[in-house]
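What follows is one structure encoded as structure tokens, with my remarks underneath.
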Amino acid sequence: MKISIKIFFLLSLTVLSGCSKEDDFDYAPDTVGSSRITYFPLLTMKGAAYVAVPLGTAYVEPGVSAMEGTNTIPVTTSGTVNSNVAGVYSLNYSAVNKDGFPATASRNVVVFATDATAAANDLSGNYARSTNASIATWTKIAPGVYTVFNPGGAPGTNVTVIVFNPTGFVIDMPSQKIGDGSTFSSINESYSPGPPATFSWALVNPGYGPAGRTFVKQ
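Using this note's numbering, you'd call the opening residue of the sequence shown number 62 and step up by one each time.
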């Protein structure tokens, strides 16, 4: 009995000693013990990632904000938009927290000129590459302006580009930056409304060969 009482007493002391005082966890702001907390910058981009602007119309920047924890921090913007020249313009946003950790975001501003023969066209849809059935997806975002996901019909890629349909069924992929920072464009483009609708082009980018690629609408 005495042994049992002693064991219980020792266990009680162990439990009590393991319960530290509340002020043991009263760390200084932005610290845990001897470690300091860093809040990575968080960018919030207002508006869309792709903004289409008719030729000659001034581009109005929707804005980007950055937070470090509960504090607002400055955002640096690089890139310009010439609304008098059709094309795809990249705007890049960055913010750095007090510990030097960066965050970035980007927006593509598309300045377009589409005439009456193309404005009502809708080339949206899924197109299968003739050699491997890999799908390129066209999405209309403005008259004569499309985002095209997987323009090379290459399985496993994550590339989206802007393609113009400025007149009739003429298509054009202007030179533009993609996610990896490389330049992307096309040559020898053609589009036929079908049925079935088809298009073809050769891509100009270091990651793609020079051969023409043909796609058929599904």
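Backbone N, C-alpha and C define an ideal beta-carbon position, used for all residues, glycine too.
{"Query": "Within 7 Å: the Cβ of Asn266 and any heavy atom of the ligand MN?", "Result": "Annotation note on the ligand MN: not contained in the displayed structure, which lists no ligands."}
{"Query": "For the alpha helix (DSSP H) containing Ala177, name the first residue and the last one.", "Result": "177-180"}
{"Query": "For Ser247, count neighbouring C-beta atoms within 10 Å of its own C-beta (all shown protein chains included) and say buried if the count is 16 or more, exposed if not.", "Result": "buried"}
{"Query": "Kindly say whether Gln279, judged by its beta-carbon, lies nearer than 8 Å to any beta-carbon of chain C.", "Result": "No chain C is part of this structure, which consists of one protein chain only."}
{"Query": "Sort Ser253, Phe260, Phe225 by Cα distance to Val149 and report the nearest one.", "Result": "Phe225"}
{"Query": "Tell me which same chain residues have a C-beta within less than 8 Å of the C-beta of Asn143, skipping the five on either side of it?", "Result": "Tyr150, Val172"}
{"Query": "For Arg168, is the classification buried or exposed, using 16 other Cβ atoms within 10 angstroms of its Cβ as the cut-off for buried?", "Result": "buried"}
{"Query": "On the criterion of 16 or more Cβ atoms from any shown chain inside 10 Å, does Ser101 qualify as buried, or is it exposed?", "Result": "According to the sequence shown, residue 101 is Phe rather than Ser. Phe101 should be labelled exposed."}
{"Query": "For Pro267, which residues from the same chain have a beta carbon less than 8 Å from its beta carbon, with the 5 sequence-adjacent residues on both sides left out?", "Result": "Ser243"}
{"Query": "Please work out which residues of its chain come closer than 6 Å, Cβ to Cβ, to Val206, disregarding the five sequence neighbours upstream and downstream, and give them in chain order.", "Result": "Ala113, Val171, Phe173"}
{"Query": "Considering Met234, what are the terminal residues of the beta strand (DSSP E) in which it resides?", "Result": "Premise fails: Met234 is in no beta strand (DSSP E) and is neither H nor E."}
{"Query": "Does the stretch 176-190 come close enough to the stretch 117-130 to have 3 or more Cβ pairs within less than 8 Å?", "Result": "no"}
{"Query": "Can you check DSSP and say which residues form a bridge with Ser6?", "Result": "Here the chain covers residues 62 to 279 and nothing more, so residue 6 does not appear."}
{"Query": "Apply the 10 Å Cβ neighbour rule to Pro212 and answer buried if 16 or more other Cβ atoms are within range, or exposed otherwise.", "Result": "buried"}
{"Query": "What number of angstroms, rounded off, separates the C-alpha of Met234 from the C-alpha of Val136?", "Result": "31 Å"}
{"Query": "Go ahead and pull the three-state DSSP assignment for Glu129.", "Result": "strand"}
{"Query": "On a CA-only basis, which of Ile239, Pro204, Phe210, Ala215 is nearest Gly229? Give me that one, please.", "Result": "Pro204"}
{"Query": "Would Ser195 and Ala215 qualify as a contact pair, given that the criterion is a beta-carbon distance under 8 Å?", "Result": "yes"}
{"Query": "For Val220, name the three-state secondary structure that DSSP assigns.", "Result": "coil"}
{"Query": "Going by CA-CA distance only, name the one from Pro254, Pro256, Glu250 that's closest to Asn263.", "Result": "Before going further, note that residue 263 is Ala rather than Asn in the sequence given. For the residues Pro254, Pro256, Glu250, the minimum Cα distance to Ala263 belongs to Glu250."}
{"Query": "Per the DSSP calculation, Pro115 is bridged to which residue(s)?", "Result": "Phe173"}
{"Query": "Would you call Thr165 buried or exposed, if buried means 16 or more other Cβ atoms sit within 10 Å of its Cβ?", "Result": "exposed"}
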